[in-house]
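A quick write-up on the structure given underneath.
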Ligand code: UDP
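Next comes the structure, spelled out in structure tokens:
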């Protein structure tokens, strides 16, 4: 299939491009390089610099490429994803994450592209009762990031109904780790996610880290999350794309491991390799105590289960950061 990957120079996008190319698909990447890196784009993919909120530039790229061969699928990764940043700057999140999706959908409608794969998040669930989320769990985001993703999910649903499109919305849980080649991983300034922060601290790239809150209602007082290797997430996109395009169907699917680990567990796992200089601090705004995926639907519909566990996630990110010194 011919796939347009918007945000394909970013973390999850670049890993998905690797999986798509490994599976024999033709890939065109569009990215504004705001956080993505041109070097992260697979050498066999075509690359265009373009912004998801800019209709004219997306339209031109799709028009030029479609002359060679029309697109079968668009994948959307070009989102802002940092919860605390969204709490401080909601406008940036609504503009990029909601207006960007609307623009992309308009371009798809104009060009008759029927299939969209959309990156959503566990943050749409907010604070579930027991923290285990099925796709039917109540959606009630507690931060602007989650809210913008939920609004976009609904918008995609309405567009699909109006224009006969198919979608596969993936709700990611906590994505981490790096590609086995160690060529691509999560590289950017000011990382805030727990896995890279802990590993940077272990490697001395950061002097110290803070655990945000130790009085949550969880088994050790720190927040519990479901960690999932980025290459497992990426491969699910290849399966999801085939599923919706071939069956003419739409789906919402969680991508997680069905298992929860606390912030303390992450530190202990990294400390199997290197000590981590950490302290305990106040809670961070917008953090639910516990988010764990039910991944039953992914297994039933796509035959997908994660192949890598927490130790693989930590080891791959550790090796990646040692190599890139970042
Ligand atoms: N966290 C932490 N210290 C850090 C970064 C994150 O204690 O330096 C905690 C954070 O408060 C949350 C968990 O780690 O409870 C996962 O946060 P992350 O930002 O990695 O992902 P999120 O679940 O917010 O998407």
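Residue numbers (our numbering): 627 to 952. Yeah, the Cβ is synthetic: ideal placement off N, Cα and C, and Gly gets one too. Bear in mind that the values here come from a model prediction, so they are computed numbers and not experimental data.
From the DSSP output, in three-state form, read off residue i for me.
i, result
"residue 929", "coil"
"residue 800", "strand"
"residue 814", "coil"
"residue 896", "helix"
"residue 867", "helix"
"residue 808", "coil"
"residue 746", "strand"
"residue 725", "helix"
"residue 878", "strand"
"residue 769", "coil"
"residue 574", "The structure shown has nothing for residue 574, since the chain only spans 627 to 952."
"residue 715", "coil"
"residue 940", "helix"
"residue 751", "coil"
"residue 842", "coil"
Does the distance between the C-beta of residue i and the nearest non-hydrogen atom of the ligand UDP fall short of 7 Å?
i, result
"residue 835", "yes"
"residue 934", "no"
"residue 852", "no"
"residue 722", "no"
"residue 832", "no"
"residue 913", "yes"
"residue 887", "no"
"residue 855", "no"
"residue 768", "no"
"residue 743", "no"
"residue 838", "yes"
"residue 903", "no"
"residue 709", "yes"
"residue 818", "yes"
Residue i and residue j look like a contact to me (Cβ under 8 Å); what is the Cβ gap, rounded to whole Å?
i, j, result
"residue 798", "residue 748", "7 Å"
"residue 917", "residue 759", "7 Å"
"residue 940", "residue 897", "Not really, about 10 Å apart at Cβ, beyond 8 Å."
In whole angstroms, what is the alpha-carbon distance linking residue i and residue j?
i, j, result
"residue 752", "residue 767", "4 Å"
"residue 661", "residue 920", "30 Å"
"residue 734", "residue 692", "12 Å"
"residue 871", "residue 757", "32 Å"
"residue 845", "residue 673", "46 Å"
"residue 787", "residue 740", "11 Å"
"residue 848", "residue 933", "26 Å"
"residue 883", "residue 683", "38 Å"
"residue 928", "residue 744", "16 Å"
"residue 690", "residue 679", "18 Å"
"residue 943", "residue 704", "22 Å"
"residue 810", "residue 949", "11 Å"
"residue 694", "residue 652", "12 Å"
In terms of DSSP beta bridges, what is residue i paired with?
i, result
"residue 919", "759"
"residue 851", "887 and 917"
"residue 628", "652"
"residue 692", "According to DSSP, residue 692 bridges with nothing at all."
"residue 836", "905"
"residue 673", "655"
"residue 700", "630 and 742"
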